[in-house]
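Everything on this sheet refers to the single structure shown next.
If you want it as structure tokens, here you go:
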């Protein structure tokens, strides 16, 4: 992959790129030709302050572009855009690394590079993190979306010259001058629903029972292999009783079950949540199951990543675990794709779901950096 500097002779190519792709997290999701022409004419893509580069892949296909601006300042900013068809292919993080390399090799010795995105733009947030950037701020209701006529939180990520040269990512020490104390679990307030790119994740409701029961029936064979509660067919009444208990446990913070739905269609996907909670240690365990018809789409990995973020940022977790049978390949793959570290395998630690055989248990975990823990 490489960056190739855009020239004025490529004006039509830039206009075509901007008008034939969609930009849902930008102020103008479908910019018109006239606006782009005006911006070009005013030096918005090429000037002493601005440089624009095409992002080209290994076959020299133009898969995106990046505009670096405020180049006369010590802290440049950038606007990175990947074409619709090329998203999800890993081009964003690699392009951002090239941008950092370009900026920090400039003779003016820039001290940092920063970028901003909407809080729910998880693809861009992952791009920042994979390129070595650190989350430095979250500005509440600071990002206005004209299309939806509503405000979102804005998130700022930064990369310092020092971190770039060392190949490190130094976390921000939040509130380091204040005594670190936990709010009691009863005092915790947090949103009971949140989103990923494809999912709505929310607290359970009693009226969920019917769709959960249908998903359990549909996934009977897959669930029975790994879930003790699935050894006998579940009735709608049993599911309803169980969901009532889950609602009560969520209210008392004893257990935080979370339901997963497709944002686009509202279909029930599966269940996850934070279980076996130790509020003194601030330790949580993620569990999950998915309707068989949604397997193989990466949805549970997406959910686990977001729930982990929720645990660390909203619940002040020090440790989040995923435990599973060593032979449960799908469950292990979710943990590994979500970035959890295998800490150990406990031999003869549990019984198989049917209670017939001894099984080994894999323990995967993510922990808060020691300097931030309490």
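In our numbering, the protein residues as written are 620 to 993. All C-beta atoms in this analysis are idealised placements derived from N, C-alpha and C, irrespective of residue type, glycine included. Computed from a prediction, not measured in an experiment: that's the story for all the values here.
Residues that DSSP places opposite residue i in a beta bridge
i	result
residue 943	981
residue 922	Note: residue 922 sits in no beta bridge, so no partner.
residue 876	892
residue 756	775
residue 697	687
residue 821	812, 878
residue 938	902, 986
residue 709	BP columns for residue 709 are empty, so no partner.
residue 623	673
residue 897	902
residue 793	Answer by DSSP bridge pairing: none, since residue 793 is not bridged.
residue 964	981
residue 769	764
residue 887	880
residue 633	Paired residue(s): none; residue 633 is not in a bridge.
Cα-Cα separation between residue i and residue j, rounded to whole angstroms
i	j	result
residue 953	residue 727	44 angstroms
residue 980	residue 843	18 angstroms
residue 716	residue 888	35 angstroms
residue 758	residue 712	23 angstroms
residue 793	residue 754	11 angstroms
residue 1028	residue 775	In the structure as shown, the chain begins at 620 and stops at 993. Residue 1028 is therefore absent and cannot be evaluated.
residue 621	residue 722	14 angstroms
residue 854	residue 901	35 angstroms
residue 948	residue 925	21 angstroms
residue 918	residue 655	36 angstroms
residue 697	residue 747	12 angstroms
residue 872	residue 691	51 angstroms
residue 694	residue 828	53 angstroms
residue 725	residue 686	16 angstroms
residue 892	residue 928	12 angstroms
residue 676	residue 714	10 angstroms
Option nearest residue i by Cα separation, candidates the options
i	options	result
residue 961	982, 967, 904, 970	982
residue 625	654, 683, 703	683
residue 931	686, 865, 984, 702	984
residue 943	647, 681, 972	972
residue 741	969, 644, 885	644
residue 946	639, 967, 987, 623	967
residue 858	812, 875, 840, 824	824
residue 731	788, 923, 879	788
residue 994	679, 749, 977, 878	Because the chain is modelled from 620 through 993, residue 994 falls outside the range shown and cannot be assessed.
residue 636	845, 704, 689	704
residue 751	734, 903, 987, 856	734
residue 664	639, 640, 629, 642	629
residue 839	830, 849, 831	849
residue 812	766, 640, 880, 648	880
residue 912	841, 688, 974	841
Same chain, Cβ closer than 7 angstroms to residue i, five either side skipped, listed in chain order
i	result
residue 882	814, 817, 818, 819
residue 992	Only weak support is given to the placement of residue 992: the predicted model assigns it a pLDDT of 43, under 50, and the question is left unresolved by the model.
residue 959	941, 983, 984, 985
residue 951	943, 981
Spatial neighbours of residue i in its chain, beta-carbon cut-off 6 angstroms, leaving aside the 5 residues before and after
i	result
residue 701	683, 710, 711
residue 743	736
residue 809	933
residue 634	652, 655
residue 756	775
Close beta carbons around residue i, own chain, < 8 angstroms, minus the five adjacent residues each side
i	result
residue 955	961, 983
residue 863	825
Quick one: which unbroken alpha helix (DSSP H) runs of 4-plus residues sit fully inside the stretch 639-682? Chain order, please. 652-660
Please list the segments of the beta strand (DSSP E) lying wholly inside the stretch 711-749, counting only runs of 3 or more residues, in order along the chain.
-> 731-737
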